[in-house]
Amino acid sequence: TVSDSVYFMKQTIGNACGTIALIHAFGNNSQTVQLNNGYLKEFLQITSEMDAMERATYLENDNEITSAHEACAHEGQTQAPSANEEVNLHYVALIHDSGHLYELDGRKPFPINHGPSSPETFLKDAAKVCQAFMQRDPTEVNFSIIALSQG
């Protein structure tokens with residue numbers, strides 16, 4: 019089962035998985051990560067009562083995030099793929115909510131509950147899930163992890 023408090027949205031925009039993963043990460047940590055006034059905080063507030071597909075539609079129709087996403091994608095060290103280009107890379111978010119570890123992947127129909135977790139064991143529990151991801155294809159070297167943490 020999935021807790022009703024999990025903030026989840028579908029990914030309907032090509033090559034936006036990194037943006038979706040960050041939205042998932044911040045959307046599920048609003049109690050511990052205080053966002054400054056700005057676009058992301060406003061987006062999360064506006065979409066807080068929407069379902070996963072309504073959030074995706076809102077994002078699709080939002081020119082501000084589209085412009086920000088494009089600008090950030092082109093600031094990197096490598097050529098950014100177009101929204102329709104086929105790529106073999108993907109980002110998901112792992113979060114703790116209501117005593118469980120969830121995988122949030124906007125390409126999937128709903129959050130995946132990976133079982134019990136706690137704030138104290140979350141890092142270790144998430145590492146086990148990441149290890150399982152890597153074991154699916156041990157020859158794959160394109161695997162990265164980003165942690166949302168407080169200093």
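Start counting at 1 in the sequence shown, then tack on 18, and there's your number in the numbering used here. Idealized CB from N, CA, C, for every residue including glycine. In this text, all values refer to a predicted model and were calculated from it rather than measured experimentally.
Just so you know, the alpha carbons of G56 and L141 end up roughly 29 Å apart. DSSP, read as helix, strand or coil, puts A111 in strand. Three or more Cβ pairs closer than 8 Å define a contact, and the region 78-94 falls short of that threshold against the region 150-164. The beta carbons of V20 and N46 sit no closer together than 9 Å. Per DSSP, G45 is not a residue of any beta strand (DSSP E); the alpha helix (DSSP H) it occupies stretches across 35-45.
With a contact defined as Cβ atoms closer than 8 Å, F44 and L122 miss out at about 11 Å. Contact between Q29 and A74 holds, with the beta-carbon distance rounding to 7 Å and staying under 8 Å.
In summary, N54 is exposed, with fewer than 16 beta-carbon neighbours lying within 10 Å of its beta-carbon over all protein chains present. Taking a C-beta distance under 9 Å as the contact criterion, A111 and A39 qualify as a contact pair. DSSP lists A111 as the bridge partner or partners of L122. In the assembly as shown, T139 is an exposed residue. Its beta-carbon has fewer than 16 other beta-carbons within 10 Å. Within the DSSP secondary-structure output, N131 pairs in a beta bridge with Y120.
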